[in-house]
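K.L.:
Just add 941 to wherever you are in the sequence shown, counting from 1, and you've got the working numbering.
A single structure is presented below for examination.
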Amino acid sequence: ADWVELTKPGITGLICLVAVGGFLLADPTSVGLLPLGLVVGTGALASAGSAMLNHYLERDRDRRMRRTRERPLAAARIGPGPGALVVGLALVAIGVGAAAVVLNPLTGLSILLGALTYVVVYTVWLKPRSSWNIVIGGFAGSAPALAGGAAATGRWSAGVLALALLVFLWTPPHFWSLALLLKDDYARAGLPMLPRMDDVGYSGKVVVVSAAL
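Structural data, given as structure tokens:
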């Protein structure tokens, strides 16, 4: 159960739904069940691996937050060794590689961009340094739409790009709303989330405006 929790099943499920949406938007008249299943499967593998890497990289910060201190690595229910790191990297590599070979290179590239954005750009670089971290990191949620579209037609159509943009715009207000409720928790972890660094009234306005967009 702890290893399953490391894959963040809820987020992975949402990633798969976005990929399905991208696939259907790309070619709604001819839905190939095999490529649809393949993009969902490979995307799920890469998403699960990225989640494991996020757990591994944030285990020390997670221990300082009430919301996350019971996560498997933070609570030491899974040992401190590199197991989660190795498995996470393997899942991402398998997901990206299989998508590129079995589907097409653009699908693999889309999945790779999502994983790199979430693990490297957001988790490692921006999250501990910038209060606007989720704005750029939000691309990780858009990448599955691109992967789904690429799996269906081998390209990114206007509809697929529109879905990716919609997810990109939805992500910041969703996370900032959560951060407004957990300001003290993020402060304990030393994370510069926007509602913690700026006036709550200003942050609330940003959430409303970005949600309206």
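Virtual Cβ for every residue (Gly too), placed ideally from N, Cα, C.
Predicted, not measured: the structure shown is a model, and the values here were computed from it.
#1: Do the segment 969-979 and the segment 1102-1117 make contact, defined as three or more Cβ pairs closer than 8 Å?
#2: Kindly indicate which three-state DSSP category P1113 falls into: helix, strand or coil?
#3: Which term fits D1125, buried or exposed, when burial requires 16 or more other beta carbons within 10 angstroms of its beta carbon?
#4: Grab the span of the alpha helix (DSSP H) containing I1019 for me, first residue to last.
#5: Within a Cβ cutoff of 8 Å, which residues of the same chain sit near L1030, ignoring the five residues on either side of it in sequence?
#6: Label A1017 either buried or exposed according to how many other C-beta atoms from any shown protein chain fall within 10 Å of its C-beta, with 16 as the threshold for buried.
#7: Note down the Cα distance separating V1037 from L1050, rounded to an integer number of angstroms.
#8: Please classify V1027: is it buried, with 16 or more other beta-carbons within 10 angstroms of its beta-carbon, or exposed?
#9: Could you give the uninterrupted runs of the alpha helix (DSSP H) lying entirely in the segment 1049-1117, keeping only those of 4 residues or more?
#10: Please report how far the alpha carbon of P1046 lies from the alpha carbon of R1096, in whole angstroms.
#11: For P1133, which of helix, strand or coil comes out of DSSP?
#12: Please state the DSSP three-state secondary structure of R1008.
#13: Considering Cα atoms alone, identify which of V959, L1119, E999 and P1133 is closest to S1083.
#14: Going by DSSP in three states, N1045 sits in which element: helix, strand or coil?
#15: Return yes when the Cβ of S1098 is within less than 8 Å of the Cβ of A1015, no when it is not.
#16: In three-state terms, what does DSSP make of A967?
#17: Kindly list the residues whose CB is nearer than 7 Å to the CB of T1064, restricted to its own chain and excluding five residues on each side of it in sequence; keep chain order.
#18: Hey, A1086 and G963: beta-carbon distance below 8 Å or not?
#19: Return no unless some Cβ of chain B is closer than 8 Å to the Cβ of G1131.
#20: What's the C-alpha gap between V1076 and F1109?
P.N.:
Taking the coordinates as given:
#1: Flag = no, the segment 969-979 and the segment 1102-1117 do not touch.
#2: Residue state, collapsed to three classes: helix.
#3: exposed
#4: No alpha helix (DSSP H) holds I1019; DSSP gives it neither H nor E.
#5: For L1030, where only same-chain residues beyond five positions count, the Cβ hits under 8 Å are G990 and L994.
#6: exposed
#7: 7 Å
#8: exposed
#9: 1074-1078 and 1080-1094
#10: 10 Å
#11: coil
#12: coil
#13: V959
#14: coil
#15: Going by C-beta atoms, A1015 is not nearer than 8 Å to S1098.
#16: helix
#17: N995, L998 and E999
#18: yes
#19: You won't find chain B in this structure, because it holds only one protein chain.
#20: 8 Å
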